[in-house]
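*Asks:*
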Ligand code: UT7
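Residue numbers (my numbering): 27 to 357.
Encoded structure:
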């Protein structure tokens with residue numbers, strides 16, 4: 027029997043209806059469209075409005091349902107639901123368990139996976155490991171984040187970057203050699219000084235003082251994170267290419283985390299890739315953290331061809347980062 031690999035066989039996505047443009051942000055903080063566009067590549071982002079009272083699971087369920095509808099899949103066939111997220115519905119109770127129940131994945135176990143902006147990338151490794159073991163046949167991996175729930179809309183250095191969204195992919199066994207081929211995943215805990223959220227965890231549970239001091243919002247030392255992101259994302263993408271004897275001509279698509287267009291451009295340049303091979307939608311969604319990679323797959327699904335060589339790359343809080351080489355499995 028041929029070796030079992032884990033292939034992506036379906037995708038789905040969901041973004042909230044409300045569009046927050048750069049112009050709208052000009053009314054909220056001291057910024058301007060020209061600065062945001064030239065420094066980040068972002069023009070607008072989607073926001074799940076707080077008054078709607080919905081959390082990350084709402085986005086995840088919609089993305090999963092989109093996938094189930096497109097694929098006409100019976101959810102009771104799913105073995106495992108992983109929700110990759112940095113913004114779970116709440117502490118303790120698994121968001122994925124709720125999502126699995128709501129979509130009718132009655133035979134699945136479920137859990138969340140948290141690795142900041144690398145959550146989905148690391149989730150691809152996890153999901154494919156379960157499939158390649160031969161134990162499970164259908165793993166639903168969802169990347170979903172309601173970043174607006176942890177953004178300080180008085181802080182111009184973070185509020186311009188992030189948006190809300192979700193994407194879902196199905197991993198299934200493949201015996202044609204398609205699917206996940208190789209991965210190089212990294213972490214460096216020193217990064218938590220530069221990007222994170224001080225309040226709300228076990229070090230600093232919520233108090234009146236912590237809320238007043240705005241400790242329950244993301245902080246980022248942008249310039250430092252930028253430097254680490256540029257060099258590390260390019261390093262791992264290059265490493266995956268070298269390790270798999272991939273020339274720039276062999277790579278069909280770069281699927282990069284959407285944090286800043288300048289980081290994406292630097293990664294593509296190091297790989298020797300023309301812009302036409304780089305999947306990008308940062309201008310419409312900003313940085314949706316765990317959702318950037320599956321949203322790209324959903325948006326560009328009809329461009330991807332069976333056998334295409336995809337190189338994924340991401341960098342995020344922790345720090346966490348890495349690259350994955352995957353052969354696309356369907357037209
Ligand atoms: O996804 C997880 C990983 N995160 C990332 O990869 C993000 C990495 N970092 C970045 O993308 C960039 O650092 C930012 C987009 C966050 C910031 O861009 P930058 O080119 O690094 O700007 P900067 O922080 O060096 O700031 C340059 C100037 C500063 O003014 P002075 O000190 O030169 O007078 C800032 O105060 O731009 C100012 N500035 C702004 N101006 C207008 C900062 N934010 C804004 C803003 N509008 N929104």
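For glycine and all other residues, C-beta sits at the position ideal for the given N, C-alpha and C.
Smallest Cα separation from residue 278: which of 344, 51, 353, 133?
*Replies:* The residue given as residue 278 occupies position 252 in the chain shown. Among 344, 51, 353, 133, the Cα nearest to that of residue 278 is on 353.
*Asks:* With a threshold of 8 Å on Cβ separation, who are the neighbours of residue 2 within its own chain once the five nearest residues in sequence on each side are excluded?
*Replies:* Here the chain comprises residues numbered 27 to 357, so residue 2 is not present and cannot be evaluated.
*Asks:* To the nearest angstrom, how far is it from the Cα of residue 326 to the Cα of residue 235?
*Replies:* Residue mapping note: residue 326 aligns to position 300 of the chain shown, counting from 1. Residue mapping note: residue 235 aligns to position 209 of the chain shown, counting from 1. One C-alpha to the other measures close to 45 Å.
*Asks:* Under a three-way DSSP split, which group does residue 246 fall into?
*Replies:* By one-based count along the chain shown, residue 246 stands at place 220. In this structure, residue 246 counts as strand in the three-state DSSP scheme.
*Asks:* When you compare the stretch 94 to 113 with the stretch 151 to 171, are there three or more beta-carbon pairs, one atom per stretch, that lie closer than 8 Å?
*Replies:* The stretch 94 to 113 is in contact with the stretch 151 to 171.
*Asks:* Using DSSP with H/G/I as helix, E/B as strand and the rest coil, what is residue 305?
*Replies:* Here residue 305 corresponds to residue number 279 of the chain shown, with the count starting at 1. DSSP places residue 305 in coil when its eight states are reduced to three.
*Asks:* What is the rounded straight-line gap between the Cα of residue 280 and the Cα of residue 340?
*Replies:* To locate residue 280, count along the chain shown from 1; it is residue 254. To locate residue 340, count along the chain shown from 1; it is residue 314. Taking the straight line from one Cα to the other gives about 11 Å.
*Asks:* For residue 335 versus residue 276, is the C-beta distance shorter than 8 Å?
*Replies:* For the purposes of this step, residue 335 is taken as the residue at position 309 of the chain shown. For the purposes of this step, residue 276 is taken as the residue at position 250 of the chain shown. The answer is yes: Cβ separation under 8 Å.
*Asks:* In the DSSP assignment, what are the bridge partners of residue 172?
*Replies:* The residue labelled residue 172 in the question sits at position 146 within the chain shown. Answer is 190, bridged to residue 172.
*Asks:* Which residue wins for smallest C-alpha separation from residue 164, given the options 147, 190, 191, 97?
*Replies:* Here the question's residue 164 lines up with position 138 in the chain shown. Checked all of 147, 190, 191, 97; the closest Cα to residue 164 is 97.
*Asks:* Near residue 201, which residues of its chain fall below 6 Å by C-beta distance, leaving aside the five closest residues on each side in sequence?
*Replies:* Position 175 of the chain shown, counted from the first residue, corresponds to residue 201. Closer than 6 Å at Cβ, skipping near neighbours: 28.
*Asks:* On the DSSP bridge assignment, give the partners of residue 199 in chain order.
*Replies:* In the chain shown, the residue the question calls residue 199 occupies position 173. DSSP lists 32 as partners of residue 199.
*Asks:* Compute every distance between the C-beta of residue 240 and the non-hydrogen atoms of the ligand UT7, then say whether any falls below 7 Å.
*Replies:* As a first step, residue 240 must be located in the chain shown, where it is residue number 214. No.
*Asks:* Should residue 274 be listed as close to the ligand UT7, given that the test is whether its C-beta is under 7 Å from any heavy atom?
*Replies:* In the chain shown, the residue the question calls residue 274 occupies position 248. The answer is no for residue 274.
*Asks:* For residue 162, which residues does DSSP report across the bridge?
*Replies:* As a working note, residue 162 is residue 136 in the chain shown. None, per the DSSP bridge assignment.
*Asks:* Going by C-alpha distance, which of 89, 312, 196, 155 is nearest residue 185?
*Replies:* Sequence index remark: in the chain shown, residue 185 carries index 159 (1-based). For the residues 89, 312, 196, 155, the minimum Cα distance to residue 185 belongs to 312.
*Asks:* Considering only the beta carbon of each residue, do residue 191 and residue 317 sit closer than 8 Å?
*Replies:* One-based indexing of the chain shown puts residue 191 at position 165. One-based indexing of the chain shown puts residue 317 at position 291. A contact, by the Cβ cut-off of 8 Å.
*Asks:* If residue 138 sits next to residue 151, beta carbons under 8 Å apart, how far is it from one beta carbon to the other, in whole angstroms?
*Replies:* The residue labelled residue 138 in the question sits at position 112 within the chain shown. The residue labelled residue 151 in the question sits at position 125 within the chain shown. Not confirmed; about 15 Å, so no contact.
*Asks:* If we call anything under 8 Å between Cβ atoms a contact, is residue 210 one with residue 349?
*Replies:* What you label residue 210 is simply residue 184 of the chain shown in a count that begins at 1. What you label residue 349 is simply residue 323 of the chain shown in a count that begins at 1. Yes, they are a contact pair.
*Asks:* Out of 216, 159, 93, state which residue places its alpha-carbon closest to the alpha-carbon of residue 166.
*Replies:* Counted from its first residue, the chain shown places residue 166 at position 140. Of the candidates 216, 159, 93, the one whose C-alpha sits nearest the C-alpha of residue 166 is 93.
*Asks:* Can you give the beta carbon distance from residue 270 to residue 208, rounded, assuming they're within the 8 Å contact cut?
*Replies:* On the chain shown, residue 270 is found 244 positions in, with the first residue counted as 1. On the chain shown, residue 208 is found 182 positions in, with the first residue counted as 1. Right, their Cβ atoms sit about 6 Å apart.
*Asks:* At a cut-off of 7 Å, is residue 313 close to the ligand UT7 when judged by its beta-carbon and the heavy atoms of the ligand?
*Replies:* The residue labelled residue 313 in the question sits at position 287 within the chain shown. Result yes, Cβ under 7 Å from the ligand UT7.
*Asks:* Is residue 50 helix, strand or coil when you go by DSSP?
*Replies:* Locating residue 50 in the chain shown gives position 24, where the first residue counts as 1. Note: residue 50 maps to helix in three-state DSSP.
*Asks:* Throw me the rounded Cβ distance for the residue 85 and residue 40 pair, which I believe falls under 8 Å.
*Replies:* Walking along the chain shown from the start, residue 85 turns up at place 59. Walking along the chain shown from the start, residue 40 turns up at place 14. Contact holds; Cβ gap of about 6 Å.
*Asks:* Apply the 10 Å Cβ neighbour rule to residue 283 and answer buried if 16 or more other Cβ atoms are within range, or exposed otherwise.
*Replies:* Residue mapping note: residue 283 aligns to position 257 of the chain shown, counting from 1. Buried, because 16 or more other Cβ atoms sit within 10 Å of the Cβ of residue 283.
*Asks:* What runs of the alpha helix (DSSP H), each 4 residues or longer, lie entirely inside the stretch 107 to 142?
*Replies:* Entirely contained in the stretch 107 to 142, the alpha helix (DSSP H) runs reaching 4 residues are, in chain order, 121 to 129.
*Asks:* When the Cα of residue 134 is compared with those of 144, 143, 123, which residue comes out closest?
*Replies:* The residue you call residue 134 lines up with position 108 of the chain shown. Residue 134 has its Cα closest to that of 123, out of 144, 143, 123.
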